[in-house]
Structures are given as C-alpha cells and as structure tokens.
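Q: Last residue of the sequence shown: number 276 in full-length UniProt numbering, and the count goes up by one each step with no gaps.
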Amino acid sequence: MIQISQVAAANYHYKRYSLEYFLNSAARLGFRNIELWASGPHFHLDYFTIQEVKSLYQQIKSKGLKVVCLTPEQYVYPVSISHPDPEYRKQSVEYFRRHIEAASLLECDRVLVTTGIAYLDADETEAWEWCRESLSEICKTAETNGVYLPMEAFTSFSTQVFNQAGHISKMIEEVGSPYLKGLADTDVMATTGKDKIHDFIRELGNDLNHVHFVDGNPGGHLVPGEGELDMAEALKALNDIDYKGYLGLELLDRRYILDPEKAMRDSLTWFEEHLS
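#1: Per the DSSP calculation, residue 151 is bridged to which residue(s)?
#2: In the DSSP assignment, find the unbroken alpha helix (DSSP H) run with residue 93 in it and report its ends.
#3: Using a Cβ cut-off of 9 angstroms (strictly closer), state whether residue 77 contacts chain D.
#4: Taking the alpha carbon of residue 251 as the reference point, which residue from 266, 214, 16 and 48 has its own alpha carbon closest?
#5: Could you name the residues of the same chain whose beta carbon sits closer than 7 angstroms to that of residue 13, not counting the 5 residues immediately before and after it, in chain order?
#6: How big is the Cα-Cα spacing for residue 93 and residue 138?
#7: Out of curiosity, what's the CA-to-CA distance linking residue 131 and residue 143?
#8: On the CB-based measure, 16 or more other CB atoms within 10 Å of its CB, does residue 216 come out buried or exposed?
#9: Near residue 155, which residues of its chain fall below 8 angstroms by C-beta distance, leaving aside the five closest residues on each side in sequence?
#10: Got a sec? Which residues, its chain only, sit under 6 angstroms from residue 36 by beta carbon, not counting five neighbours each side?
#11: Does the Cβ of residue 271 have 16 or more other Cβ atoms within 10 Å, making it buried, or fewer, making it exposed?
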C-alpha cells in the first residue's frame, strides 16, 4: 500500500518565493521528502560552491526533510544529449555529472535525466546513438556516486526519439547500467497519448524508479483531481504492484505561482482521501 510519506513536495511552482520559504512550507505541511528542482532562482548549481551545497543539505535536514530526487533543469536550459553538435553533448554530459556529484552531497540517490529536445530534421538513428553514448558516460559518474538516474520521456512535441515507455526500457537495456532506471509522468504520457501508466509498469517492471504524479487536460501538470486524467486509476495501478518509490508533485501551471502552498495542501488532501 502506497503511504502518504511517498508523496514528495517539489519547488517548481514556488519560484516566486525563496528556497527557504519552500522548505518551511513543505515542513509545515508535514512532508518528509522533497523533489528538488535544480534551477534558478533556487538552486542553479553554477552559483553554489561545494560548501554551500553542504550547507543546503544541513538546512534541509534541520527541517526534517530529505531530498529524494534532484531534477536539474533541462528543458529551458541548453541541455540535450541528443544534440547533433558533439561539444553541445559533451557539455550536457558534464552538466549531469556535476548534478550527480551535488546529489551525493545532498545525500540524494536520484537525479532525473532526459534526452533533451530533438531536431525533427536530424536522423533518428543517430540521435538515439548520441543519447546512448552520452548516457553511458553519465552512468559512470552515477555508479561511482551510488546515484540512480530515473529517465523521463518527453512529450512527442519535444522529441520524436524518446517519448514512450518502450523507448525508456530499450535504452536501459542498451546502456546496461544498473543505475539507469525509468520515470513515469502521468501528464507527459497523457499529452503524447501513446501510453498509460499500465504500459509504463509493464515495460519498466522493477526499473520504475520514480513517478511524477500530476493531473492534466491532458497536459498542464495540475494538482491531482483538478484535471481530466484518471488519477485514482493511476494510483490504484501503482498500489497493485506495491510501488515503493516516490510520487513527485511536479506542479507547473501558473495558477499555482502566487499561492504555491495551497496547491501543495490540495495535493495532500487528494492523497489523504484516496489512500484512506
């Protein structure tokens, strides 16, 4: 049975407030675990020294919280391991390596990875190979640090190369690292329209390492219960396999920006009603 402690607060929609405000808010609401979005204005790694990352860890710990997934910004930032330019890919690999090392300092054992946005006029076979080669390099750092890499498929509007559960399972098999895992995002899969949560469960099996549990119309990244997706069915499907990972609240709609705590509280209320 999924426990309320598996629901992880996240700072995506707190970007008009300080990181400290988010941490206090998560603690105030009773969360134990958080998914930390590594992006400006909160945690842009270029502006943090090693000592400052260590200090952040102590700050998080002092509030009774634990980072269970570090999510480097990789949609807005120029990060893509499927880019045709070798130097672009090299810098993207280094970007992920640095965040894996930061995750280790935060005592976090997950760093979310994606393939990035793919050009429609690039050869798909080559793009796949670029991704595989890059992930193989990133996995070396992950293995050294004991950090898992839950890999998320973007929507078909962002990449034609990597947008389905089967793509994730195939890449995991080809890379062959025990630290490369899969992530299911209920909003993303609904937007692409090719998979449901059952497909991710079937394709990934024990490699399903993290879930973004959000509603949508079909997109939107909304509080569970505020969209048209069957979130109760998604929760039941995860319960049926005795899912032990975390459910990250990746809330992105701008309606939540001015009062982010209410959105987080409403999410908790939904889970309390559906886990009772």
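Positions of the beta carbon are idealized from the N, C-alpha and C atoms, including for glycine. For clarity, every value in this text was computed on a predicted model and none was experimentally measured.
A: To lay it out plainly:
#1: 113 and 182
#2: 86-105
#3: This model lacks chain D altogether, as it is built from one protein chain only.
#4: 214
#5: 251, 252, 256, 257, 260 and 263
#6: 6 angstroms
#7: 18 angstroms
#8: buried
#9: 163, 188, 191, 192 and 219
#10: 67 and 70
#11: buried
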